[in-house]
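Student:
Protein chains: 2
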Amino acid sequence: MNKNRLLQKEECVIRNSFWNRYIDLVKNMVIPYQWDILNDRRKDAEPSHAIDNLRIAGGKMKGHFYGQVFQDSDVYKWLEAVGNILMLERNPELEEKADSVIDLIAEAQEEDGYLDTYFSIEEPDKKWTNVLECHELYCAGHFIESAVSYYRATGKEKILQIAYKLADYLDRVFGPEEGKLHGYPGHQEIEIALLKLYDLSGNEKYLNLAGYFINTRGTNHFFEEEFEKRDHVSFWEKARTPEPNRYYNQYPYNYYNQFQSPVRLQKKAVGHAVRAVYMYTAMADLAGKTGDKELFAACRTIWDNIVKKQMYITGGIGATNSGEAFTNDYDLPNDTNYSETCASIGLIFFAQKMLMSETDSVYGDVMEQALYNTVLGGMNYEGNRFFYVNPLESVPEVCRDNTQRHHVKPERQKWFACACCPPNIARLIGGLWDYIYTASEDRVNVHLYIAGDGKIQVGESILNITQSTSYPENGKINFTVQSDSDREIGLAFRIPGWAEHYTLRLDGKEITPDQVENGYALISRCWTKSAHIELEFDMQPRFICANRRIHYDLGRAAIMRGPLVYCLEEADNGKYLAELTVDTDAGLTEEKKPELGGYVALKARGSRTQVPDTDKLYTTYCASRESTELVAVPYYLWNNRGTGEMQVWIKTGL
Amino acid sequence: MNKNRLLQKEECVIRNSFWNRYIDLVKNMVIPYQWDILNDRRKDAEPSHAIDNLRIAGGKMKGHFYGQVFQDSDVYKWLEAVGNILMLERNPELEEKADSVIDLIAEAQEEDGYLDTYFSIEEPDKKWTNVLECHELYCAGHFIESAVSYYRATGKEKILQIAYKLADYLDRVFGPEEGKLHGYPGHQEIEIALLKLYDLSGNEKYLNLAGYFINTRGTNHFFEEEFEKRDHVSFWEKARTPEPNRYYNQYPYNYYNQFQSPVRLQKKAVGHAVRAVYMYTAMADLAGKTGDKELFAACRTIWDNIVKKQMYITGGIGATNSGEAFTNDYDLPNDTNYSETCASIGLIFFAQKMLMSETDSVYGDVMEQALYNTVLGGMNYEGNRFFYVNPLESVPEVCRDNTQRHHVKPERQKWFACACCPPNIARLIGGLWDYIYTASEDRVNVHLYIAGDGKIQVGESILNITQSTSYPENGKINFTVQSDSDREIGLAFRIPGWAEHYTLRLDGKEITPDQVENGYALISRCWTKSAHIELEFDMQPRFICANRRIHYDLGRAAIMRGPLVYCLEEADNGKYLAELTVDTDAGLTEEKKPELGGYVALKARGSRTQVPDTDKLYTTYCASRESTELVAVPYYLWNNRGTGEMQVWIKTGL
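Residue numbers (the numbering used here), protein chains in the order written: chain H, 71 to 724; chain B, 71 to 724.
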């Protein structure tokens, strides 16, 4: 059913100051910083012990495991980010570090292929007794992903051999056959990894095992049975518990873990948001690879549920910190939400896999929305501070004082005890070239507008395509296109959902696309002679309203320009942002700012209603209302100019 | 230091259709309903087993304890409400039930005086091993309070003898002497009770034991030591825990339980709100009785912190469900708050005890504010549904969908597994006569405007005082005053903080008070000849603004009329209340409504900003703005006309 394929690394290079700066941050800041963390060289951060865990498991060091039960995955996420960066440019010094870690992993891997330092060190007789909570498959998945990435970047076989040995071992442990475990992961991730390993190797064993995990989920009572077998002991509580899940999760655990029904019968995004989108990503990938239309239809239903009912305007998902989870349709509070950075990254993964089966601009739109807002907003401009939770409204005192808002940090943090977001940002940004285009036998689809060079295999032909643009600062994108054959090749450009107008010029002349379908404008030509295409989107900033069913946003407006969501910050507008209303009739004006890499600030008319300063809690109403100018900045840049209030949804008024 | 005394029951009778209806509800609905609950006769409610627990402990029945560890207190709270109601009018049928329960309690009491069915039945060897969590002193306190009330109503000695035996036993268990426990309760309550027992008996042993509990709190490491002794086992978790308190409480447990410092050094209300105000009540009472100025000053500091920084406009306290607790100054969210009914009742207790030492209108103001808004709002008009949590904003879908709002119920509930609020409302309303006046040697202070007859001892004289009023429906209160002596007696009327104007007439002539001090207008006269006083407050409805530091209320206004806070309800204003803004310049008009006992509705001008109905989550801003009339109703009546949205703080706009 796959009609589109993702590119090979050779086919696309990003050349874009905006994105290259981020890629450099990942290379020069995030990866080295994380390397120090993994090796416990940062006195100002939580100890990691992750590399030492490998040493201990491999017999190179004495001691105990330390950290989260899924601590290993921090190493693997780092390795995957390294692999992605090395695909852009080899780096002997970095490879030396990575190779040294790979040696440790090889030694930590057991004879039969098992790899998980917690159980190898601490509880070797308890392997696979708590698949629900103990993340063995999650860690295995991250390792396999890192192996695929590192191998693709370097061609070095060693890590791949560890991955094959591990995957083969997993295939002996899990499966439909008698004597194997008829289970599936508590935290989905292995499915994505096995499908990548299948892509690399062509070995159907991995495809089938991924399929087994996906298709068996929710069809049996595996988690109940293993809970009985381990006498109701919870890993997290280290004690018997009435139910087999963590106490903080207010949902039934079969929803929290997405096995409330067989996956192909699921209609709605539920439970832990990262687990959910990792699973949907694998489902979409599997559906495409196997031509499973029913499974793909389930993916589309869930996709629609997310983007039409459960997604923030920033591309954030997961409305509650309780279980880091989805809640219900249209429940999107702005100041108590979760919107984990990793969940938005997973949503981008999901979109990418959907694009392989269906060329529909809704996927690219959401990729762009999540990428330019929540994902970029997850990291500061310097690349050394991170948000785990991405609120749409933040008042520092309120975050500090109110327990329901304690999870919302008013400023980016150095690192986290559960350090999933920074390396996830790193691997996404490092691998961003893979999200720009897809190709089929006779067509190239352009999903993201990111400057760079493409050399894309289209059937038997090669299409050379150069994008140059300073999008999203402006909406003009220039393409130079040339093919090595005289075959007609289609070039389809995503027309973003937000773009009310666009123009398309071919060699200077405005043209109408041959076809506009599912949000893509298609031009089919023979590109033997180099052609110049100019695509221009109307970047007029605009006010946005939310669906009436989102109670939290009633009587409010947000501001967008292109794919960028804007926000008010205390730095520009003073304290007490909730006193401000915006006049949506008075329009928005642009002002180019040089700071923070350059951005377009937007100015609006509005007013501030201010009550007198008093010692009393409540007094007879008395307020001044003054006309004022509001200054909005791109959401992804918030909290780069000191800690202060921030607000996306602004009260409307005159 | 006490300058004022509370009245004896004989001194005051309420005669007021508004309040007599509530008193009748307590008598005819709440007490019989709870009796059925306690006896497990309601199929539609959680089983209580509380009476059976007494039977089992007394050897009248075989079986196990069932319910919360503090289940006994449900029986005692019922008994106290019964006592209060019997003070108003004896009732042989009700007394028969109460006497039968008292017989069971006598049998459940152990030889040495110990009384707590959980430990007597289930863990007799664990008595007093977990004073922090196990509520033995809490239950004892509620029993003693019920005994005082029932004895005062009936003169029957049996219950009082049980109480003395229990209190004498407690005095042998706790105290400064070697061999006694140097502890104090986890959940404060016994202190209030012992002071009441001292009032009744004059026995200083009880005064001293209350003083011991209060003054020892926070001065030693009792809770840590008992935690060590019981090997870190938590009662709630039934397992070893890292810290000696319940998991849901996000505060250090010494704050949660108010022993972060000696009580007289405490400056701020912290932790579990009900425990806090019960403790402050006892502190204020003790300070007054013992003339302890330092302790009283601490009470005043804490009082000011609550009412100037941590109280909702409705008199609700406790901003978070996490630990049912105070959070921090000015942290008063409207839709995720707790504001437990019982906490406001405790705040009224606290105010009453403060009034004994200091005649300041702030206490009566807050009593009135809490009583007419949160306490009355805690019960429906029919008297058979109750709020535990009292939000200032409620959207049923949001309460259902969002985990941070699950504790906020959009409609009153039948009863609760932890059934503290309904009987607490019952005992307060049954004992309301005790809050209207205080008296000193030469003066009577009028704190609440509730119609009825007073026959008040003032020094050697009796002052007969009749109040007639339909306050708070209107602001006119008529008093007829006559004394049996020719001594000059002061009559001081609280001038509510909200009353911008008032007039005072003596025998038809407007007069100026002899003195206005601390919010009380004083007239000193010789009242031998019957005099007629007319007091009238300006009941003009008014908009209110909140202190600028309360971020949640910025750009919003509330509506009050007299002491009543108003709210918008879906029943009058349609769905999507957050679309409404109110025009504070356009004034408020009154409309008398006959329903729900008759109330004054208030109408305001405003507008509704409505976005188009669409399937999309976010669209280019487009909204209609229509002028509209807003209808506000008294907050205490909300949710009596179906389940729907409610909002106290309304956006301001034109």
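Just so it is clear, CB atoms sit at the ideal spot from N, CA and C, and this is done for glycine as well.
If you compare alpha carbons, which of B:Y400, B:R631, B:Y688, B:S118 is closest to D685 (chain H)?
Tutor: Of the listed residues, the one whose Cα sits closest to D685 (chain H) is B:Y400.
Student: Which partner residues does M381 (chain H) have in the DSSP bridge list?
Tutor: H:I387, per the DSSP bridge assignment.
Student: Any C-beta of chain B within less than 7 Å: which residues of the segment 395-411 of chain H qualify?
Tutor: For the segment 395-411 of chain H, which is checked against every Cβ of chain B, the residues closer than 7 Å are T397, N398, D401, P403, T406.
Student: Please compile the residues from chain H whose C-beta is within a distance smaller than 7 Å of the C-beta of V681 (chain B).
Tutor: The answer, in chain order, is C615, R618.
Student: Can you list the beta strand (DSSP E) stretches of 3 or more residues lying completely in the segment 475-556 of chain H, in chain order?
Tutor: Correct list: 507-509, 513-516, 522-528, 531-539, 546-553.
Student: Where does D655 (chain H) land, buried or exposed, given buried means 16+ other C-beta within 10 angstroms?
Tutor: Flag for D655 (chain H) reads exposed.
Student: How many Å lie between M716 (chain H) and V465 (chain H) at the Cα?
Tutor: Roughly 7 Å separates the two Cα atoms.
Student: With a cut-off of 8 Å on the beta carbons, I'd call Q138 (chain B) and H119 (chain B) a contact; round off their distance for me.
Tutor: The pair is not a contact, with the Cβ atoms about 10 Å apart (cut-off 8 Å).
Student: For the beta strand (DSSP E) that contains Q585 (chain B), what are its first and last residues?
Tutor: That run of the beta strand (DSSP E) goes 585-587.
Student: Can you check whether the C-beta of G393 (chain H) is within less than 9 Å of a C-beta belonging to chain B?
Tutor: Output row for G393 (chain H): interface = yes.
Student: Please specify which runs of the alpha helix (DSSP H), each continuous and at least 4 residues long, are wholly inside the segment 617-651 of chain H, giving them in chain order.
Tutor: For the segment 617-651 of chain H, whole alpha helix (DSSP H) runs of length 4 or above, ordered along the chain, are 640-643.
Student: Who are the Cβ neighbours of G448 (chain H) in its own chain at under 7 Å, not counting the five residues just before and after it?
Tutor: If we look at G448 (chain H) and ignore the five residues flanking it on each side, its Cβ neighbours are T411, F456, F457, N460, C491, I495.
Student: Determine which residues of the segment 698-720 of chain H have a Cβ less than 7 Å from any Cβ of chain B, and write them out in chain order.
Tutor: Here the close residues number zero.
Student: Skipping 5 residues on each side, what residues in its chain have a beta carbon closer than 7 Å to that of A641 (chain H)?
Tutor: So the qualifying residues of the chain are R711, G712, G714.
Student: In chain H, what lies closer than 7 Å to D685 (chain B) by C-beta?
Tutor: Chain H residues near D685 (chain B): K378.
Student: Under 7 Å between beta-carbons, which chain B residues line up against D471 (chain H)? List them in chain order, please.
Tutor: Per Cβ cutoff of 7 Å: T397, N398, D401.
Student: In this structure, does DSSP put T659 (chain B) in helix, strand or coil?
Tutor: Strand.
Student: List, in chain order, every chain H residue whose beta-carbon is nearer than 7 Å to that of I381 (chain B).
Tutor: Position check: residue 381 (chain B) holds Met in this sequence, whereas Ile was assumed. Those within 7 Å of M381 (chain B) in chain H are L687.
Student: Quick one: what does DSSP say R85 (chain B) is sitting in, helix, strand or coil?
Tutor: The answer is coil: DSSP assigns R85 (chain B) none of H, G, I, E or B.
Student: Closer than 8 Å to a non-hydrogen atom of the ligand HEM - does that hold for the CB of P542 (chain H)?
Tutor: This structure lacks the ligand HEM, and indeed carries no ligand of any kind.
Student: Counting C-beta neighbours from all protein chains within 10 Å, is the total for I581 (chain B) 16 or more, i.e. buried, or is it exposed?
Tutor: With fewer than 16 Cβ atoms within 10 Å of its Cβ, I581 (chain B) is classed as exposed.
Student: Have a look at the DSSP bridge pairing and note the partners of A309 (chain H).
Tutor: A309 (chain H) pairs with H:S304.
Student: Taking 9 Å as the cut-off, decide whether the C-beta atoms of I720 (chain B) and G676 (chain B) are in contact.
Tutor: Contact: yes.
Student: What does DSSP give as the partner residue(s) for T573 (chain B) in the beta ladder?
Tutor: Paired residue(s): B:E606.
Student: Just to confirm before moving on: does the CB-CB distance between M131 (chain B) and F366 (chain B) stay below 9 Å?
Tutor: Their beta carbons are not under 9 Å apart, which means M131 (chain B) does not touch F366 (chain B) by this criterion.
Student: Among the residues of its own chain, which have a CB less than 7 Å from the CB of A440 (chain B), if the five just before and after it don't count?
Tutor: Closer than 7 Å at Cβ, skipping near neighbours: G385, S414, L417, I418.
Student: Could you check where the alpha helix (DSSP H) with S170 (chain B) kicks off and where it finishes?
Tutor: Segment 162-178, the alpha helix (DSSP H) holding S170 (chain B).
Student: Whether or not the segment 461-480 of chain B and the segment 308-317 of chain H are in contact is what I'm after, with contact meaning three or more pairs of Cβ atoms, one per stretch, closer than 8 Å; do they touch?
Tutor: No contact exists between the segment 308-317 of chain H and the segment 461-480 of chain B.
Student: Based on Cα-Cα distance, which residue from H:K359, H:H205, H:A628, H:E247 lies nearest to K266 (chain H)?
Tutor: Closest option to K266 (chain H), Cα to Cα, is H:K359.
Student: Below 8 Å, how does it come out for the segment 695-703 of chain H and the segment 332-350 of chain B: are there three or more Cβ pairs, yes or no?
Tutor: With the cut-off at 8 Å, the segment 695-703 of chain H and the segment 332-350 of chain B do not touch.
Student: Quick one: what's got a C-beta closer than 6 Å to K287 (chain B)'s C-beta in the same chain, skipping five residues either side?
Tutor: A small fix is needed here, since residue 287 (chain B) is Arg in this sequence, not Lys. Only Y254, F329, V333 meet the Cβ criterion.
Student: Mind checking if G501 (chain B) is an interface residue toward chain H, Cβ cutoff 9 Å exclusive?
Tutor: With 9 Å as the cut-off, G501 (chain B) does not count as an interface residue toward chain H.
Student: For chain B, check one thing: does any of its Cβ atoms lie closer than 9 Å to the Cβ of L164 (chain H)?
Tutor: Answer no: the Cβ-Cβ gap between L164 (chain H) and chain B never drops below 9 Å.
Student: Against chain H, does A389 (chain B) count as a neighbour if the rule is that its beta carbon must be under 9 Å from one of theirs?
Tutor: Yes - at least one Cβ of chain H is within 9 Å of the one on A389 (chain B).
Student: Would you mind sorting Q585 (chain H) into buried or exposed? The rule is 16 or more other CB atoms within 10 Å of its CB.
Tutor: Exposed.
Student: Start and end of the beta strand (DSSP E) containing I676 (chain B)?
Tutor: For the sequence presented, residue 676 (chain B) should be read as Gly rather than Ile. It spans 669-680 - the beta strand (DSSP E) in which G676 (chain B) sits, taken as one unbroken run.
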